[in-house]
Structure formats: structure tokens, C-alpha cells
Amino acid sequence: MRFDSSRTHHSLTTVHDKKTMRDSTLEVAATWLACGLDPSKVVFFRQSDIPELFELTWVLSCFTGKGPHESSSTPTRRLSRKNEEAGVDVDAGVNMGLYNYPVLMAADILMFGTHLVPVGKDQAQHIEMTADMAGSFNAVYGPILTVPAPHIDDKMSVIPGLDGRKMSKSYDNVIPLSAIRKAPKSSS
2 MRFDSSRTHH SLTTVHDKKT MRDSTLEVAA TWLACGLDPS KVVFFRQSDI
52 PELFELTWVL SCFTGKGPHE SSSTPTRRLS RKNEEAGVDV DAGVNMGLYN
102 YPVLMAADIL MFGTHLVPVG KDQAQHIEMT ADMAGSFNAV YGPILTVPAP
152 HIDDKMSVIP GLDGRKMSKS YDNVIPLSAI RKAPKSSS
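Numbering-wise (the working numbering), the sequence shown opens with residue 2 and increments by one.
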């Protein structure tokens, strides 16, 4: 089993500081070790150490239509909506890395021949989009890429955040695994 110890390509959409990126990589790896992942049974790697992921992302982008991609690019839609509410240009802060984020997610899945991807109901569209990209590629070059399917556990289809909505960093309603425990306030 492989575990990517840093979503380096993904974080480049917003993080451009070398120290922050390095610290984040180490924090994620330390968190996984603290949660019990056994390095003798799993492979930790940095996504940025696999140039083929960059290459596959580019190839997939050449098989992904702008219209369907635009309508399903959740990070771009979310930021555009936030910009609109703030009364600024809807495309402010939307770089091509963020715009192309769903294609990079697809490359992460397709690179390793994944058949089933465990996701919540709210993430199924990403797997469907990945399957579409693999299907478009395979239609031209033959059955090279494994077409994945979502695996949705009905008991855990959406994990609620602190405010009852689905848990998401975008909603700022997560409980970080590395959060420092605060002492309860005294009632004196």
C-alpha cells in the first residue's frame, strides 16, 4: 500500500513558500506515523518525486473538455463564489493549478491502476470525472488506464464537521489531527 506523504503538487495551488511546504510534508508524515501507519507495510513518498504524475496530468488535460471540467471544478467554483460574495473579481486567486486540480486528482488515481476509490457521496463526481478521462484516453490508445469506480460506504457517506456541515478545510470546520489540546476552562 502506498501513502503520499505530501500533496505537493496540490498544495502548489496556494502555497509558494519553500519552508511552509517542507514543514507541511514532515507534519503529514509524522501524523500518519502517529496514527499507526507502519513503514514496513506501506510506502511513504512525496508526490513531487514522481515526475510521471506531472506528465500524466498534462496528458489527461489534453483529453478533458473545458466545459465539463469547468462545471465540476469544485475548488474553482468555491473560490469564485467566495470572491463574488466579497464583491471582487470572481477569478481573483484562481490560478491554472487550482483550475486544473481535478485533472491532477485524476492522475493521482489513474497512475496506480486503482479500481475502487473510497469516497463520500459528495466526492463521487470526482471519480466519475476520472473515469471519463480514462475512458477518453482509452478510446484513443486502447485499454491502458484502469477505469475506477467510487466505493461509498453508506454508513460514512459524509463525515460531519464541527458545525454539522460536511467536514472541509474550506468550511473551516475540521479537527486537525495535529491540533494542540486546550485545557478546559476552570469554573472559578
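We put the CB at the ideal spot given by N, CA and C, even for glycine.
Item	Value
Contained alpha helix (DSSP H) runs [length at least 4] in the region 81 to 166, N- to C-terminal order	97 to 100, 102 to 111, 125 to 142
Delimiting residues of the beta strand (DSSP E) encompassing Val44	44 to 47
Same chain only: Cβ atoms within 7 angstroms of Gly195, ignoring 5 sequence neighbours per side	With the chain represented from 2 up to 189, any question about residue 195 goes unanswered, as that position is not in the structure.
Contact set for Asn174: own chain, Cβ-Cβ below 7 angstroms, skip 5 residues either direction	Gly162, Leu163, Asp164, Arg166, Met168
Val60 (DSSP reduced to helix, strand or coil)	helix
Contact check, Met112 vs Glu53, beta carbons under 8 angstroms	yes
Distance, Val104 Cα to Lys20 Cα	26 angstroms
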